[in-house]
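Going letter by letter, the sequence shown gives residues 1 to 170 in UniProt numbering.
The structure appears below as structure tokens.
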Amino acid sequence: DQEVCGLKWSPSGRQLASGGNDNVVHIWDRSLVSLNSPTRCLHRFEEHRGAVKALAWSPFQSNLLASGGGVGDNCIKMWNTRTGARLNSVDTGSQVCSLLWNKNERELLSSHGFTENQLTLWKYPSMVKMAELNGHTSRVLHMTQSPDGCMVATAAADETMRLWNVFETP
Numbered sequence: 001d002q003e004v005c006g007l008k009w010s011p012s013g014r015q016l017a018s019g020g021n022d023n024v025v026h027i028w029d030r031s032l033v034s035l036n037s038p039t040r041c042l043h044r045f046e047e048h049r050g051a052v053k054a055l056a057w058s059p060f061q062s063n064l065l066a067s068g069g070g071v072g073d074n075c076i077k078m079w080n081t082r083t084g085a086r087l088n089s090v091d092t093g094s095q096v097c098s099l100l101w102n103k104n105e106r107e108l109l110s111s112h113g114f115t116e117n118q119l120t121l122w123k124y125p126s127m128v129k130m131a132e133l134n135g136h137t138s139r140v141l142h143m144t145q146s147p148d149g150c151m152v153a154t155a156a157a158d159e160t161m162r163l164w165n166v167f168e169t170p
């Protein structure tokens with residue numbers, strides 16, 4: 001067993017995604033939880049080649065999960081958690097630390113570490129790179145979106161927090 005380094009509930013609360021230092025994403029279904037027996041996972045995705053800390057459920061498509069791999073993988077993968085199918089994979093060129101969906105548009109923001117330390121905005125589902133934002137000098141570890149969905153706050157290993165106007169006003 002390996003350390004869990006990413007954990008995220010789906011918006012419906014029916015599924016839980018976990019990512020680990022073993023490079024595996026597990027999907028747990030609430031309906032399969034039993035107090036009397038060990039919990040079995042619904043899906044086990046083994047395609048990443050680096051630890052999976054970055055997980056983000058789509059706000060507009062149920063059962064769509066984005067996962068990001070760490071050093072040695074550098075990929076964002078899209079999963080259909082209903083069928084277990086991988087829908088897409090894109091090599092970002094650097095460690096994926098965090099993922100955040102735009103609440104108002106079909107866009108995904110990724111934060112990165114070694115080697116670039118940038119934020120990248122992707123158009124979904126094409127995964128075409130729309131913008132790259134630089135400013136941090138070390139791994140961008142965490143991101144959170146403002147309630148209106150327009151501003152993103154980031155915290156990095158360079159001991160700074162930054163505010164970004166990434167997304168358009170709805």
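Even glycine gets a Cβ: it sits at the ideal position worked out from N, Cα and C.
Buried or exposed (CB count within 10 angstroms, at least 16 for buried), residue i
i: S146; result: exposed
i: M161; result: exposed
i: D73; result: buried
i: S138; result: exposed
i: Q15; result: buried
i: G6; result: buried
i: S37; result: exposed
i: L32; result: exposed
i: A131; result: exposed
i: S34; result: exposed
Within 8 Å, strictly: CB atoms of residue i and residue j
i: A66; j: I76; result: yes
i: N88; j: N63; result: no
i: W122; j: S58; result: no
i: H48; j: N21; result: no
i: V71; j: G50; result: yes
i: W28; j: S18; result: yes
i: N165; j: M151; result: yes
Nearest-angstrom Cβ-Cβ length linking residue i and residue j, presumed shorter than 8 Å
i: H142; j: S98; result: 6 Å
i: V52; j: V25; result: 5 Å
i: L119; j: V140; result: 6 Å
Distance between residue j and residue i (C-alpha atoms, nearest Å)
i: F167; j: F60; result: 16 Å
i: T154; j: C41; result: 32 Å
i: A56; j: M127; result: 15 Å
i: F114; j: Q2; result: 22 Å
i: N104; j: K8; result: 20 Å
Reduced DSSP secondary structure (H/G/I, E/B, other) of residue i
i: S110; result: strand
i: S31; result: helix
i: L42; result: coil
i: D1; result: coil
i: H136; result: coil
i: N165; result: strand
Residue i Cβ short of 7 Å to the ligand COA heavy atom set
i: S12; result: Absence of the ligand COA is noted for the structure shown, with no ligands found whatsoever.
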